[in-house]
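Residue numbers (my numbering): 2 to 165. A virtual CB, placed ideally from N, CA and C, is assigned to each residue, including glycine. Report on one structure; see the data block that follows.
Below, the structure written as structure tokens:
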């Protein structure tokens, strides 16, 4: 496959609001556990992903193995601003979520509102805590995208655990 095609797809996915780039094993494993639809999963040649999956996410091994494509290390290094140290990166579909549906959720659980958050890492941390606390969902106002790869890394992919 053309290496530039991989690079172009990942760059394009970062600005597509129907997709999310999952950088690293932890966001990928949680996305899988909570039902993400994976479109592309890439790992560098000679990486250590099999061992990491066996140790940290054996329940996701079949899904990862059936979706993974190995590419040249130099191409893999160009897919993200910082190369994921766990040696995997993926594109998945974002779930369709309506703020009205979150607010009308019949669960007796709080909805977390982040009013005009400014830092992607803080957004991710808030989503991670909200998922752990059993929140019914997370809503944000303002221009920051809670599905930005930095927020997804900080939330370890738990955007898939609750409506965001």
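Can you tell me which of the options puts its alpha carbon nearest to the alpha carbon of residue i?
i, options, result
"residue 86", "74, 97, 6", "74"
"residue 133", "121, 159, 8", "159"
"residue 88", "82, 78, 95", "78"
"residue 100", "23, 5, 142", "142"
Taking the continuous beta strand (DSSP E) assigned at residue i, which residues delimit it?
i, result
"residue 115", "112–115"
"residue 93", "90–94"
So, helix, strand or coil for residue i, using DSSP?
i, result
"residue 130", "helix"
"residue 163", "coil"
"residue 20", "strand"
"residue 83", "coil"
Can you give me the Cβ contacts of residue i inside the same chain, cut-off strictly under 6 Å, excluding the 5 residues immediately before and after it?
i, result
"residue 70", "43"
"residue 62", "54"
"residue 149", "121"
Within a Cβ cutoff of 8 Å, which residues of the same chain sit near residue i, ignoring the five residues on either side of it in sequence?
i, result
"residue 151", "121, 122, 125"
"residue 129", "155, 156, 157, 159"
Could you spell out the range, first to last residue, of the alpha helix (DSSP H) harbouring residue i?
i, result
"residue 38", "Where residue 38 is concerned, there is no enclosing alpha helix (DSSP H), given that its DSSP letter is neither H nor E."
"residue 74", "74–77"
Rounded to the nearest angstrom, how far is the Cβ of residue i from that of residue j, given a contact under 8 Å?
i, j, result
"residue 41", "residue 92", "5 Å"
"residue 138", "residue 163", "5 Å"
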